[in-house]
Every structure is written in C-alpha cells, then in structure tokens.
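Using this note's numbering, the letters of the sequence shown map in sequence onto residues 5 to 139.
Ideal Cβ placement from N, Cα and C applies to all residues, glycine included.
Since this is a predicted model, take the numbers as computed values, not measurements.
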Amino acid sequence: MQKIPVNLAAPGMKLAKPVTRENGMVVLAEGLELTEGIINKLQSMNVERIVVQGNPVDMGDAGNSSWAQKSERLDYLFRRYSRDKWMFRVKGFFREYFNLKAAAQKAEEEAERLAQEQAAAEAAEAEAAENGGEA
Numbered sequence: 005m006q007k008i009p010v011n012l013a014a015p016g017m018k019l020a021k022p023v024t025r026e027n028g029m030v031v032l033a034e035g036l037e038l039t040e041g042i043i044n045k046l047q048s049m050n051v052e053r054i055v056v057q058g059n060p061v062d063m064g065d066a067g068n069s070s071w072a073q074k075s076e077r078l079d080y081l082f083r084r085y086s087r088d089k090w091m092f093r094v095k096g097f098f099r100e101y102f103n104l105k106a107a108a109q110k111a112e113e114e115a116e117r118l119a120q121e122q123a124a125a126e127a128a129e130a131e132a133a134e135n136g137g138e139a
C-alpha cells in the first residue's frame, strides 16, 4: 500500500483505500482499478493523494532531489526529540510531505525528458521526410 499524488497515478493501479469527500462520503471504492478517465475525474475534484495497492511509484528515495535530501535530513533535525511522541509524529508528517514532493519532482523531470525525446524524434522524422521528398 502506497500513498501517492494523483498526478503520479497511472491506469491499471488499484485503490487500496476508498477515496472519500470531506464529509466522509465514499467517491471511489477500495479495489477499484484506475483508468485515465477516473484519474482525470480525481484531478478535476482536486483530490491530491490516493492510496494504491503495492508500491508502484518510486517516491524519490534515491537522494537525487532537494526534496529527498530534506527528507533524509529530518533525523538530524529532530535528534533532540527522540523520546517525544508528538515530535515523532511531526517528523513523520514532514517525511511524508517531502517524499511526496520528491516523487512529484522526479515525475515532472521524467515527463520533461520524455517530451524532449519525443520532440527530437519528431524533428528527425520531419527532416527525414523533407530530405526524402526532395530526392
């Protein structure tokens, strides 16, 4: 089970927990398989995070983003509060937030890289078609 930002959801993932409104009304049931339409609907409803089965998304734990580095630094920052249960919870909230931000940052970078690759491939195809058309 993994809590992920909706913008990292992909068709085929299954909900591990139901999606509910603020008043507790269930919008989507546990076990529902996500489709592109459902993901778009969640985004239009301003749902920020969902809980999916398994661990399908790399949440940026590799330490290659500033958000991942902030998450790793939490143990040092909270070192004086190791016996305080409330500060332990606060640290957990920060860690979850930083991990979600790191995953979103990584997904955005990957999407940008794929878009650049696709644009380069389309430009190469257009150039090849142009050169082939002149021959």
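- Leu19 sits close to Ile54, with the two beta carbons spaced by under 8 Å.
- Contact annotation, Pro15 with Leu38: C-beta distance approximately 6 Å; criterion of less than 8 Å satisfied.
- Taken atom to atom, the span from the alpha-carbon of Ser70 to that of Gly136 is near 46 Å.
- Beta-bridge partners of Glu37 (DSSP): Lys18.
- Relative to Asn50, the option among Val94, Ala33, Gly58, Thr24 whose CA is nearest is Thr24.
- In this chain, Arg53 is not harboured by any alpha helix (DSSP H); it is covered by the beta strand (DSSP E) spanning 53-56.
- In the three-state DSSP reduction, Val10 falls in the helix class (H, G or I).
- Bridge partners of Leu32 according to DSSP: Val23.
- With respect to Leu78, Arg99 sits close: the two C-beta atoms are nearer than 8 Å.
- For Val61, the secondary structure class from DSSP, reduced to helix, strand or coil, is coil.
- Between Gln57 and Glu134, the alpha-carbon positions lie close to 48 Å from each other.
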